[in-house]
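If you want this note's numbering, it's the position in the sequence shown, counting the first as 1, plus 15.
Cβ atoms here follow ideal geometry from the backbone N, Cα and C, with glycine treated the same way.
Bear in mind the structure is a predicted one, so any value in this text is a computation, not a measurement.
Data first, discussion second: the structure below is written as structure tokens.
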Amino acid sequence: MVIALVVILVFLFILFLSGIRIINEYERGVILTFGKYSGTKIPGFRWIFPGIQRLINVDLRITTVDVPRQEAITKDNVPVGVNAVVYFKVEKPEFAVLKVENYRYAVSQYALAALRDIIGGVELDALLTERENVAIAIKQMVDAETDPWGIDVTAIKMQDIELPAGMKRAMAAQAEAEREKRAIIIRSEGEASAAQNLKNAAELLTSAPGGLSLRTLETIDNLQPDPSKTVIFALPIEILEGFKNLTGRKKDIL
Numbered sequence: 016m017v018i019a020l021v022v023i024l025v026f027l028f029i030l031f032l033s034g035i036r037i038i039n040e041y042e043r044g045v046i047l048t049f050g051k052y053s054g055t056k057i058p059g060f061r062w063i064f065p066g067i068q069r070l071i072n073v074d075l076r077i078t079t080v081d082v083p084r085q086e087a088i089t090k091d092n093v094p095v096g097v098n099a100v101v102y103f104k105v106e107k108p109e110f111a112v113l114k115v116e117n118y119r120y121a122v123s124q125y126a127l128a129a130l131r132d133i134i135g136g137v138e139l140d141a142l143l144t145e146r147e148n149v150a151i152a153i154k155q156m157v158d159a160e161t162d163p164w165g166i167d168v169t170a171i172k173m174q175d176i177e178l179p180a181g182m183k184r185a186m187a188a189q190a191e192a193e194r195e196k197r198a199i200i201i202r203s204e205g206e207a208s209a210a211q212n213l214k215n216a217a218e219l220l221t222s223a224p225g226g227l228s229l230r231t232l233e234t235i236d237n238l239q240p241d242p243s244k245t246v247i248f249a250l251p252i253e254i255l256e257g258f259k260n261l262t263g264r265k266k267d268i269l
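In structure tokens form, the structure reads like this:
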């Protein structure tokens, strides 16, 4: 009798130990009883009946899935190689367990198909210049397909867009031509601005009394660093103007 009691106690203890489960804070536990969904457990210490119940832990943290490099053809028939990363999280653990066999793999496959479909509907220029908008369109398509599984796609990032070698050379030549064009425009604008500034300065010196004389003295000072060698006589511009006016009057008299 005592031996039978000990055996029963040992059996119950082993049964208890084998039914212990731990659910982490970032997880939820989906319980299946005889293969049927019977509830979702919150984090903490949990116990299930071994052999009758099964606990499946589902991670609720944001998960990343790499979409390997895919060959796709743009709307204007340019072949490109694109790879991306999908960020998603599980919103409804029971749906992720019951409605799809492997939700991680399924999300990656949907993202792969959506990547090819969206790229096939845009031209190369839009793909290169509006990469973020293209990624948003892919996200919306994948999110709509995976929503019934309790999956929320938070973002899709396109990492690399690989172009054919000939296309790269053509784009490099175009970029070089654009840079040269901008340099010429900037240089011409600078020359036009400098010419306008010189014109404004000349008008200012002409209109200001004694302005040209001051400018003349400054020029002489720059031309004669050593005053012991050369002597330069500067006539005020007013004297020259006076001679000019006097000459004009003589011509009128004659």
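Does the distance from the C-beta atom of residue i to that of residue j stay below 8 Å?
{"i": "L8", "j": "I176", "result": "Here the chain has residues from 16 to 269 only, and residue 8 is not among them."}
{"i": "S123", "j": "V168", "result": "no"}
{"i": "I38", "j": "R61", "result": "yes"}
{"i": "R273", "j": "K56", "result": "With the chain covering 16 to 269 only, the question about residue 273 has no answer from this structure."}
{"i": "R76", "j": "Y102", "result": "no"}
{"i": "V270", "j": "V45", "result": "No answer is possible for residue 270: the residues shown for the chain start at 16 and end at 269."}
{"i": "D36", "j": "I18", "result": "It is worth fixing the name first, because residue 36 is Arg in this sequence and not Asp. Going by C-beta atoms, R36 is not nearer than 8 Å to I18."}
Run the CB neighbour count on residue i, radius 10 Å, all protein chains shown included, and call it buried at 16 or more, exposed below.
{"i": "K90", "result": "exposed"}
{"i": "L139", "result": "buried"}
{"i": "D158", "result": "buried"}
{"i": "F31", "result": "exposed"}
{"i": "M156", "result": "buried"}
{"i": "V22", "result": "exposed"}
{"i": "F28", "result": "exposed"}
{"i": "M16", "result": "exposed"}
{"i": "I171", "result": "buried"}
{"i": "F26", "result": "exposed"}
Going by beta carbon distance, what residues of the same chain come within less than 6 Å of residue i, once the five residues before and after it are set aside?
{"i": "E106", "result": "G165 and D167"}
{"i": "V93", "result": "L139"}
{"i": "R84", "result": "G96 and N98"}
Quick one: what's got a C-beta closer than 7 Å to residue i's C-beta in the same chain, skipping five residues either side?
{"i": "I67", "result": "T48 and F49"}
{"i": "Q174", "result": "N98, A99 and V100"}
{"i": "R146", "result": "M173"}
Along the chain, where does the beta strand (DSSP E) containing residue i start, and where does it finish?
{"i": "D74", "result": "Q68 to D74"}
{"i": "V137", "result": "Taken as a continuous stretch (DSSP letters only), V137 belongs to no beta strand (DSSP E), as it is neither H nor E."}
Would you grab the beta carbon distance between residue i and residue j for me? Rounded to a whole angstrom, and I think it's under 8 Å.
{"i": "T78", "j": "R119", "result": "7 Å"}
{"i": "I153", "j": "L130", "result": "6 Å"}
{"i": "A87", "j": "G136", "result": "With 8 Å as the limit, A87 and G136 do not qualify as a contact, their Cβ atoms being about 10 Å apart."}
{"i": "P108", "j": "V73", "result": "4 Å"}
Starting from residue i, follow the alpha helix (DSSP H) in both directions and report where the run begins and ends.
{"i": "L178", "result": "Counting along the chain, L178 falls outside any alpha helix (DSSP H), and DSSP gives it neither H nor E."}
{"i": "P108", "result": "P108 to L113"}
Keeping to the same chain, check which residues put their C-beta closer than 8 Å to that of residue i; ignore five residues upstream and five downstream.
{"i": "A198", "result": "none"}
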